[in-house]
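Using my numbering, the first residue of the sequence shown is number 1459, and each one after it goes up by one.
Glycine is no exception: its CB is placed at the ideal position from the N, C-alpha and C atoms.
These numbers come from a predicted model, not from an experiment.
Written below as structure tokens is the structure these notes are about.
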Amino acid sequence: MALSAPASDDSPVIAVRTTGIFCRDGCPAPAPHPQNAKRLPSAGVALFSGYRPCLRCRPLDAPGVALTEAELRRASLLRPVLRAAGRVRRSRSGAHAIVTTLIDTPLGPMLAGATDEGVCLAEFADRRMLPTQLDTLRRRLSRPIVAGRHPHLDRLRTQLTEYFAGERSTFDMPLVVPGSAFQQRTWAELRAIAPSTTVSYEELAARVGRPRAQRAVGTANGANRIAVVIPCHRVVRKSGETGNYGGGRWRKEWLLAHETRVSAPA
């Protein structure tokens, strides 16, 4: 699966956990031990899982790989956080830190974060705004970001797995959502939207008591840092068009189609 252009970046690659490098098939470098190798669906997924491209086989030069310069720069910027989050082994306290891990999903890796109070981050790792979101969390919570395991993250991983498998349509876990009063009202209303249904930006504005504030609720919707769990993908244009989505419109369309399919009578 690709990131910006799903149809054009679909060549699987081999990621090596011990070196943090990914290669294309047939790389001339010595083959890694099978237990250290992980097959990923594309170079884009490997980059946003914290891996670096091999300098010998140059997987980013393979036919069909169409990552933008902005995506490559962002992957490089995020690599230390994503690499650490993908290698977590021990439990960490969230009393004075934001604990992070990577969660694999059918739509690509998600970077998830939690404090002892609850989940504060669940975002697709290639999202353009992710670096800004991390900076905002650090500032608002006054805590550093560390990699590790945490009970809230284990619960999130389990529930997301159930959601993508069609076994769950709602989530029940404590959330930490620092933001303005207006943002928090908007995010609370998002959680009240029933699965497999949508609302327009106009309707969402009315629900938060600001019927003329469609643009403001759209901005608050886009500032959501806990994707899927706080279902900002269920807000669409008044015309019925899907509209934009921070994780990419193709993901929004997938999520809406998935929820419709799961809710359909057998």
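Can you tell me whether residue i is helix, strand or coil according to DSSP?
i	result
residue 1565	coil
residue 1485	coil
residue 1720	helix
residue 1576	strand
residue 1539	helix
residue 1531	helix
residue 1601	coil
residue 1498	strand
residue 1560	strand
residue 1571	strand
residue 1707	helix
residue 1596	helix
residue 1674	helix
Note down, in chain order, each residue of its chain lying with its Cβ closer than 8 Å to the Cβ of residue i, except the 5 sequence neighbours on either side.
i	result
residue 1642	1635
residue 1633	1576, 1577, 1578, 1684, 1687, 1688
residue 1647	1662, 1665, 1666
residue 1707	1700, 1701
residue 1591	1579, 1581, 1585, 1683
Could you work out which residue in the options is closest to residue i when comparing CA atoms only?
i	options	result
residue 1538	1526, 1569, 1563	1569
residue 1577	1565, 1590, 1586, 1551	1551
residue 1656	1608, 1710, 1593, 1630	1710
residue 1624	1524, 1491, 1718, 1511	1718
residue 1674	1513, 1651, 1638, 1707	1638
residue 1698	1705, 1714, 1704	1714
residue 1417	1503, 1476, 1528	Since the first residue of the chain shown is 1459 and the last is 1724, residue 1417 is not available in this structure.
residue 1680	1615, 1588, 1490	1588
residue 1500	1605, 1549, 1567	1567
residue 1628	1528, 1651, 1608, 1606	1651
residue 1518	1723, 1471, 1705, 1616	1471
residue 1514	1489, 1527, 1526, 1528	1489
Please work out which residues of its chain come closer than 6 Å, Cβ to Cβ, to residue i, disregarding the five sequence neighbours upstream and downstream, and give them in chain order.
i	result
residue 1602	1555
residue 1695	1701
residue 1611	1559, 1570, 1572
residue 1720	1624
residue 1553	1574
residue 1678	1641, 1644
Within its chain, find whatever has a CB closer than 7 Å to the CB of residue i; leave out the 5 residues flanking it on each side and keep chain order.
i	result
residue 1509	1473, 1478, 1479, 1480
residue 1725	There is simply no residue 1725 to check, as the chain begins at 1459 and stops at 1724 in what is shown.
residue 1512	1479, 1480, 1481, 1485, 1487
residue 1712	1565
Taking only the alpha-carbon atoms, compute the straight-line gap between residue i and residue j and give it to the nearest angstrom.
i	j	result
residue 1780	residue 1618	Nothing about residue 1780 can be reported from this structure: the residues present for the chain run from 1459 to 1724 only.
residue 1654	residue 1644	19 Å
residue 1573	residue 1669	34 Å
residue 1496	residue 1693	36 Å
residue 1557	residue 1533	20 Å
residue 1506	residue 1540	7 Å
residue 1531	residue 1493	30 Å
residue 1516	residue 1547	30 Å
residue 1535	residue 1596	16 Å
residue 1609	residue 1498	27 Å
residue 1631	residue 1475	31 Å
residue 1616	residue 1520	35 Å
residue 1607	residue 1593	21 Å
Taking residue i and residue j to be in contact with their CB atoms under 8 Å, please state how far apart those CB atoms are, rounded to whole angstroms.
i	j	result
residue 1543	residue 1560	5 Å
residue 1622	residue 1563	6 Å
residue 1620	residue 1626	4 Å
residue 1691	residue 1703	6 Å
For residue i, is the beta carbon positioned less than 7 Å from some heavy atom of the ligand GTP?
i	result
residue 1512	This structure lacks the ligand GTP; in fact it carries no ligand of any kind.
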